Every structure is written in C-alpha cells, then in structure tokens.
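Engineer: Read in order, the letters of the sequence shown are residues 25 to 363 in this note's numbering.
Take a look at this one; I'll ask things after.
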Amino acid sequence: MKTKYKTSLKDLNSFGVECFSSNFNIINNEKEIIDFIASNNDPESIILGGGSNILFKNDIDKPILKIEIKGIEIINETAERVLISVGAGEVWDDLVNWSLSNNYGGLENLSLIPGNVGSAPIQNIGAYGVELKDVFESCRAISIETGLLRIFNTNECNFSYRSSVFKEGFKNKYIITNVVFRLSKLNHLINYSYEPLKFDLKKNNILSPTINDISKSVIKIRSSKLPDPKEIGNCGSFFKNPIINDLNFKKLLKKDKDMPFFKVSKNKNKIPAAWLIQQCGFKGLKEGNTGTHDKHALIIINHGNASGVEIFNFSQKIKNKVLKIFNILLEEEVNIIDN
Ligand SMILES: Cc1cc2nc3c(=O)[nH]c(=O)nc-3n(C[C@H](O)[C@H](O)[C@H](O)COP(=O)(O)OP(=O)(O)OC[C@H]3O[C@@H](n4cnc5c(N)ncnc54)[C@H](O)[C@@H]3O)c2cc1C
25 MKTKYKTSLK
35 DLNSFGVECF
45 SSNFNIINNE
55 KEIIDFIASN
65 NDPESIILGG
75 GSNILFKNDI
85 DKPILKIEIK
95 GIEIINETAE
105 RVLISVGAGE
115 VWDDLVNWSL
125 SNNYGGLENL
135 SLIPGNVGSA
145 PIQNIGAYGV
155 ELKDVFESCR
165 AISIETGLLR
175 IFNTNECNFS
185 YRSSVFKEGF
195 KNKYIITNVV
205 FRLSKLNHLI
215 NYSYEPLKFD
225 LKKNNILSPT
235 INDISKSVIK
245 IRSSKLPDPK
255 EIGNCGSFFK
265 NPIINDLNFK
275 KLLKKDKDMP
285 FFKVSKNKNK
295 IPAAWLIQQC
305 GFKGLKEGNT
315 GTHDKHALII
325 INHGNASGVE
335 IFNFSQKIKN
345 KVLKIFNILL
355 EEEVNIIDN
C-alpha cells in the first residue's frame with residue numbers, strides 16, 4: 025500500500041473538481057485493506073474507484089482508499105457460459121472490450137460506461153436495456169468496520185434501478201475487492217429493445233446484430249450525446265429518473281399530456297428526470313462555473329473552475345425547482361462526499 029499525505033483529487037474525479045486529500049492510500053490487494061483496517065480502524069474511510077460518480081464538496085481529511093486491485097481470470101466454464109473473476113480496480117470498459125475480444129456475451133450494452141469494476145455493483149450500472157445484475161454472479165467485499173471478508177450473491181445484493189444493498193443498508197460499509205460475472209459463450213442474448221439502439225441498427229441495415237454490432241452502436245449513440253469527462257467535467261446523470269405512483273402520475277399527465285414516461289409496474293411509472301429539469305428551464309443553462317449540458321439537462325457540468333460546493337448548490341437549485349413545479353423530489357445518483 026502506498027500512502028500520500030497531500031494529494032490533488034482533480035484528475036481522480038470526472039467532475040474535475042480541485043480538492044485535496046490529506047490521507048490518500050492506494051490499495052493493490054485484499055491484504056492491504058485488512059492491514060489498513062487493523063491499523064487505522066476509521067469506519068468513515070472513503071472508497072474511490074474511477075471517480076466518475078462522486079462529487080467532492082471540500083478537501084477530504086478522512087482516509088481515502090483508492091482501489092487498484094487488478095486481474096481478470098476465468099474461474100469456471102462450460103460449452104455455453106463462462107464465469108470470470110475480475111479485480112475491483114480494473115477499468116470497466118477495458119473489461120467490456122476484453123469480453124468482446126473473446127466473444128463472451130453480456131456486457132456489450134454496457135460499453136463505454138466510465139469507472140471501475142468494483143463500483144459497478146454499487147449502483148447496479150445500467151444502460152441500453154441491460155443492468156449489471158443481468159450478468160452478476162457474486163462479489164467479494166471486506167467490512168470496513170471489522171475487516172472480515174464476505175461473499176455476496178445476487179439476492180444478497182438486492183439490486184434495483186441504480187441501487188443495491190451497497191447504496192442502501194450497507195452504504196459505505198463494505199469495500200468490494202472482486203466481482204464474478206456470468207457471460208455467454210454461445211447463443212448470446214442480443215438485447216436491442218431500447219429504441220435508439222433499435223433505430224441505429226435498422227438505419228445501418230443490421231438485421232441480426234452480433235455482440236460487437238451492439239457495442240459499436242452503443243458507443244456511437246453514447247458519444248453523440250454524452251459529454252466526454254476528459255473535455256467537460258461531469259458525472260453523467262446527476263439524478264435518478266423518479267419512479268412515481270399512479271395517483272401522482274395521473275395528476276401530472278392531466279397537466280401535460282405530452283409528458284414522457286415508462287411503465288415500470290402496474291402502479292408505477294418512471295419519468296425522465298431530464299424532461300422535468302428541462303421543463304424547469306435548466307437545459308443548457310450556465311451559472312457561474314457550472315450549468316447543465318446543452319444536449320442533456322440531466323448532466324451537470326463543470327465549465328472549468330467550479331468548486332464542489334458550487335456544483336452541489338446548483339444541483340440543489342434544480343432539485344428545489346423540480347419539487348416546487350412538479351412536487352417530485354429528485355434523488356441524487358451521484359455520491360456526494362462532504363469531507
Ligand atoms: C459521461 C458519463 C456517463 C455515465 N453513464 C452511465 C450509465 O450509462 N449508466 C450508469 O449506471 N452509470 C453511468 N455513469 C456513472 C458512473 O460511470 C458509474 O456509476 C460507475 O460505476 C462509477 O464507477 P467509478 O469507479 O468511477 O466509481 P466512483 O465514482 O469512484 O465511486 C462511486 C461510488 O462507489 C463507491 N465505490 C467505488 N469503488 C468501490 C469499491 N471497490 N467498493 C465499495 N464502494 C466503492 C464510492 O465510494 C462511491 O460512493 C456515467 C458517468 C459519466 C461521467
């Protein structure tokens with residue numbers, strides 16, 4: 025383990041917010057975590073992956089553990105499927121590319137999502153009709169309080185839309201060190217149910233897409249509408265899409281019959297947060313060093329020198345306005361870190 029006592033976090037968070045850590049620790053294996061917990065025993069340590077879903081409001085005095093555990097290993101395979109065990113510090117998109125180069129199916133719709141493998145279960149990453157839970161087998165995690173190792177299977181992770189047990193009951197309680205995925209080797213389950221994906225494949229006359237076709241199409245669509253954090257600081261969607269009950273939904277639809285929605289169950293509908301924010305006049309709005317992206321109202325951006333507090337305050341302004349106009353309380357998808 026390597027410890028540094030004054031480290032800039034500017035290049036370690038995709039918002040590109042300048043702030044400093046006074047206790048920054050790079051973790052390369054499970055033993056280093058166990059030793060760290062035994063000697064420090066600070067249950068408030070902050071776990072950092074690729075920094076693409078985290079907003080640092082201030083300088084950080086609590087210990088930061090930057091997880092860099094590497095390795096991709098096949099642990100079991102049959103003619104039809106393969107189980108692969110992946111270190112938490114592997115870059116997510118490198119894993120997707122590795123799976124495609126081996127013709128293993130399951131991760132193609134999740135191409136180009138920033139971040140690391142160990143963070144993927146935290147919010148059950150999802151895109152283009154697929155979620156992490158669809159390919160997840162288990163993960164290894166170490167309790168920050170006790171240093172004890174535990175294996176979580178799918179049921180124990182309690183995955184839901186952009187959430188899991190690691191974002192709810194066990195928030196900041198476990199450090200994920202390794203994730204096992206179940207991928208297909210034959211008869212890949214090709215999923216292009218998501219409209220923009222279906223549209224792009226059809227436009228290019230791809231009638232029986234392969235997993236590589238899906239990945240290429242996803243990359244093309246994502247690159248055309250999402251800002252690259254290397255060019256404009258951002259964390260992707262700042263808020264989750266709210267899921268509302270039938271009563272509130274009907275009231276809102278009565279006011280605006282063009283309101284977009286997706287039915288998630290008999291009595292529940294998901295409303296795109298981007299639409300709500302846009303209706304409140306925030307799309308493309310610039311305020312000081314921050315604002316929302318002109319192509320996507322749900323993406324809060326750093327125009328260059330925004331501080332974490334500035335971005336946070338702007339996000340709360342959006343939240344309050346949406347609450348006032350629609351009576352819907354948006355929930356942050358991004359993890360806000362105080363100090
Ligand atoms: C341009 C852009 C597009 C995006 N698109 C999508 C998308 O389509 N779908 C989607 O789901 N997300 C998307 N995201 C969000 C982000 O990529 C994911 O949430 C990703 O999983 C975050 O990974 P990370 O390693 O960067 O996590 P970090 O930002 O480093 O951490 C996120 C949270 O996980 C915790 N954490 C990190 N590593 C561990 C670990 N090993 N053990 C325990 N806790 C840990 C952190 O403490 C923090 O609370 C996007 C982000 C950007 C910038």
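We put the CB at the ideal spot given by N, CA and C, even for glycine.
Small disclaimer: the values here were computed from a predicted structure and weren't measured.
Looking at the structure shown, is F223 part of a helix, part of a strand, or coil, going by DSSP?
Structural biologist: In the structure shown, F223 sits in a helix (DSSP, three-state: H, G or I).
Engineer: Specify the secondary structure class of K34 as computed by DSSP and reduced to three states.
Structural biologist: K34 falls in the helix class under three-state DSSP.
Engineer: Could you name each continuous beta strand (DSSP E) segment of 3 residues or more that falls completely within the stretch 34-58, going from the start of the chain to the end?
Structural biologist: Fully enclosed beta strand (DSSP E) runs of 3 or longer: 48-51.
Engineer: Based on Cα-Cα distance, which residue from P296, G305 and L131 lies nearest to D237?
Structural biologist: Out of P296, G305 and L131, L131 has the C-alpha closest to the C-alpha of D237.
Engineer: In terms of residue numbering, what span does the alpha helix (DSSP H) encompassing A298 cover?
Structural biologist: That run of the alpha helix (DSSP H) goes A297 to Q303.
Engineer: Along the alpha helix (DSSP H) that carries I279, what are the first and last residues, could you check?
Structural biologist: It should be pointed out that residue 279 corresponds to Lys in this sequence rather than to Ile. Where K279 is concerned, the enclosing alpha helix (DSSP H) stretches over D270 to K279.
Engineer: Less than 7 Å separating the Cβ of R164 from some heavy atom of ligand 2?
Structural biologist: As presented, the structure is devoid of ligand 2, carrying ligand 1 as its sole ligands.
Engineer: So, helix, strand or coil for T170, using DSSP?
Structural biologist: Coil at T170, not helix or strand.
Engineer: By Cβ distance below 7 Å, which residues in the same chain neighbour P220 in space, the five residues on each side in sequence not counted?
Structural biologist: Cβ within range, chain order: I245.
Engineer: May I ask you to check if the CB of P138 is nearer than 7 Å to at least one heavy atom of ligand 1?
Structural biologist: Checking the Cβ of P138 against ligand 1 gives yes.
Engineer: Less than 7 Å separating the Cβ of A144 from some heavy atom of ligand 1?
Structural biologist: It does: the Cβ of A144 is within 7 Å (strictly closer) of some heavy atom of ligand 1.
Engineer: How far does the beta strand (DSSP E) with F286 in it reach, from first residue to last?
Structural biologist: F286 to S289 is the extent of the beta strand (DSSP E) around F286.
Engineer: Within 7 Å: the Cβ of A112 and any heavy atom of ligand 1?
Structural biologist: Yes, Cβ of A112 sits closer than 7 Å to a heavy atom of ligand 1.
Engineer: Put V346 into one of helix, strand or coil per three-state DSSP.
Structural biologist: DSSP places V346 in helix when its eight states are reduced to three.
Engineer: What distance in whole Å lies between the Cβ atoms of I268 and C304, which are believed to be in contact at a cut-off of 8 Å?
Structural biologist: Contact flag wrong, Cβ pair sits at about 16 Å.
Engineer: Would you call the stretch 258-273 in contact with the stretch 292-308, where contact means no fewer than 3 C-beta pairs closer than 8 Å?
Structural biologist: The stretch 258-273 is in contact with the stretch 292-308.
Engineer: For F205, name the three-state secondary structure that DSSP assigns.
Structural biologist: F205 falls in the strand class under three-state DSSP.
Engineer: Are the stretch 74-91 and the stretch 36-47 in contact at 8 Å, needing three or more beta carbon pairs?
Structural biologist: Contact between the stretch 74-91 and the stretch 36-47 is present, because at least three Cβ pairs lie under 8 Å.
Engineer: Using a Cβ-Cβ cut-off of 7 Å (strictly less than) and excluding sequence neighbours within five positions of S38, which residues of its own chain qualify?
Structural biologist: Counting only Cβ-Cβ distances below 7 Å, and skipping sequence neighbours, we find G75, S76, P138, P253, G257, N258 and C259.
Engineer: Evaluate K307 with the Cβ neighbour count: other Cβ atoms within 10 Å of its Cβ, from every protein chain shown; 16 or more gives buried, anything less gives exposed.
Structural biologist: By the 10 Å Cβ count, K307 comes out buried.
Engineer: In its own chain, which residues sit with a C-beta less than 8 Å from the C-beta of I96, not counting the 5 before and 5 after it?
Structural biologist: Around I96: I108, S109, V110, G111, E114, L119 and W122.
Engineer: Grab the span of the beta strand (DSSP E) containing T27 for me, first residue to last.
Structural biologist: Unbroken beta strand (DSSP E) run through T27: K26 to K28.
Engineer: With distances taken Cα to Cα, identify the nearest neighbour of D66 among P266, L89, N229 and P145.
Structural biologist: With distances taken between Cα atoms, D66 lies closest to L89.
Engineer: Can you name, in chain order, every residue of its own chain whose Cβ lies under 8 Å from the Cβ of D362, other than the five neighbours on each side?
Structural biologist: Correct list, in chain order: K81 and N82.
Engineer: Are at least three pairs of beta-carbons, each pair with one atom in the stretch 141-150 and one in the stretch 223-233, less than 8 Å apart?
Structural biologist: Contact between the stretch 141-150 and the stretch 223-233 is absent, because fewer than three Cβ pairs lie under 8 Å.
Engineer: Does the Cβ of Q147 lie closer than 7 Å to at least one heavy atom of ligand 1?
Structural biologist: Yes; taking the cut-off as 7 Å, the Cβ of Q147 has a heavy atom of ligand 1 nearer than that.
Engineer: Identify whether A112 lies in helix, strand or coil by the three-state DSSP scheme.
Structural biologist: Residue state, collapsed to three classes: coil.
Engineer: Can you list, in chain order, the residues of its chain whose CB lies under 8 Å from that of V159, leaving out five sequence neighbours each side?
Structural biologist: G130, L131, F205, R206 and L207.
Engineer: For the stretch 271-288 against the stretch 308-320, are there 3 or more C-beta pairs whose distance is under 8 Å?
Structural biologist: Contact between the stretch 271-288 and the stretch 308-320 is absent, because fewer than three Cβ pairs lie under 8 Å.
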